[in-house]
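Asker: Residues 1 to 154 (this note's numbering) are what the sequence shown spells out, left to right.
Don't be surprised by glycine CBs; every beta carbon is placed ideally from N, CA and C.
This is the structure I want to talk about, given as structure tokens.
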Amino acid sequence: AGGYAKEMSKEYQAKQAALVAEHIKKQDIVITTALIPGRPAPRLISAAMVQSMRPGSVIVDLAVERGGNVEGVQPDAVTDVNGVKIVGYRNVPGRLAASASSLYARNLLNFVELLIDKKTKTLAVNWDDEIVKATALTRDGAVVHPNFQPKPAA
Numbered sequence: 001a002g003g004y005a006k007e008m009s010k011e012y013q014a015k016q017a018a019l020v021a022e023h024i025k026k027q028d029i030v031i032t033t034a035l036i037p038g039r040p041a042p043r044l045i046s047a048a049m050v051q052s053m054r055p056g057s058v059i060v061d062l063a064v065e066r067g068g069n070v071e072g073v074q075p076d077a078v079t080d081v082n083g084v085k086i087v088g089y090r091n092v093p094g095r096l097a098a099s100a101s102s103l104y105a106r107n108l109l110n111f112v113e114l115l116i117d118k119k120t121k122t123l124a125v126n127w128d129d130e131i132v133k134a135t136a137l138t139r140d141g142a143v144v145h146p147n148f149q150p151k152p153a154a
């Protein structure tokens, strides 16, 4: 399979399904991603496995574009099966990119605002601030973060 996943024997698949069935009923969230190049996505979670999960559990099927790993998944929908939600959104990375960028930008702005005096709009680092202490690696040419201190010679 060119270094990528390949289809397993029927015997292996049966053992794998039994193992998944035993564990899935204890899980609150399951995320599936299995794909085989050029083929439909392998069915990893049966309807019976979904039924065995507690209400409030969530399954996210990231292979829905190729048929999905979960029996009953619906493309671009959230399906409720006896209180278990099956999320089948296509192109999840594309759906999250804007949110991830926005979150990163907001966090970066909040961090930079810690370093600037709002009145004078000049750099004013409060070296006693908890976030500054946790993120500062060096100060005045010396390593100040404990995780990056030089190791003493043995």
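I want to know whether the region 46-64 touches the region 9-16 - three or more CB-CB distances under 8 angstroms.
Answerer: no
Asker: Determine, using beta carbons only, whether Leu108 and Asp129 come nearer to each other than 8 angstroms.
Answerer: no
Asker: Short of 6 angstroms in beta carbon distance, which residues of its chain neighbour Val84, apart from the five on each side in sequence? Order them along the chain.
Answerer: Val50, Met53 and Ser57
Asker: How big is the Cα-Cα spacing for Ile131 and Gly72?
Answerer: 46 angstroms
Asker: May I have a chain-ordered list of the alpha helix (DSSP H) segments no shorter than 4 residues that lie completely inside the region 3-61?
Answerer: 10-24 and 47-52
Asker: Let me know if Thr135 comes out buried or exposed under the rule of 16 or more other beta-carbons within 10 Å of its beta-carbon.
Answerer: exposed
Asker: Look up Leu123 in the DSSP assignment and say whether it is helix, strand or coil.
Answerer: strand
Asker: Mapping the DSSP letters down to three states, classify Lys118 as helix, strand or coil.
Answerer: coil
Asker: Can you name, in chain order, every residue of its own chain whose Cβ lies under 7 angstroms from the Cβ of Leu62, other than the five neighbours on each side?
Answerer: Ile31, Thr32, Thr33 and Val92
Asker: Looking at Pro150 and Val143, is the spacing between their C-beta atoms short of 8 angstroms?
Answerer: yes
Asker: Can you find the residues in the same chain that come closer than 6 angstroms, C-beta to C-beta, to Ala1, ignoring five residues on each side of it along the sequence?
Answerer: Below a pLDDT of 50, predicted positions are generally treated as unreliable, and Ala1, at 47, falls in that range; the measurement from the model is reported next regardless. So no residue of the chain qualifies.
Asker: At which residues does the beta strand (DSSP E) containing Lys85 begin and terminate?
Answerer: Val84 to Val87
Asker: What is the rounded straight-line gap between the Cα of Ala41 and the Cα of Ile59?
Answerer: 16 angstroms
Asker: In chain order, what residues of the same chain have a beta carbon less than 7 angstroms from the beta carbon of Pro55, not counting five sequence neighbours either side?
Answerer: Asn82, Gly83 and Val84
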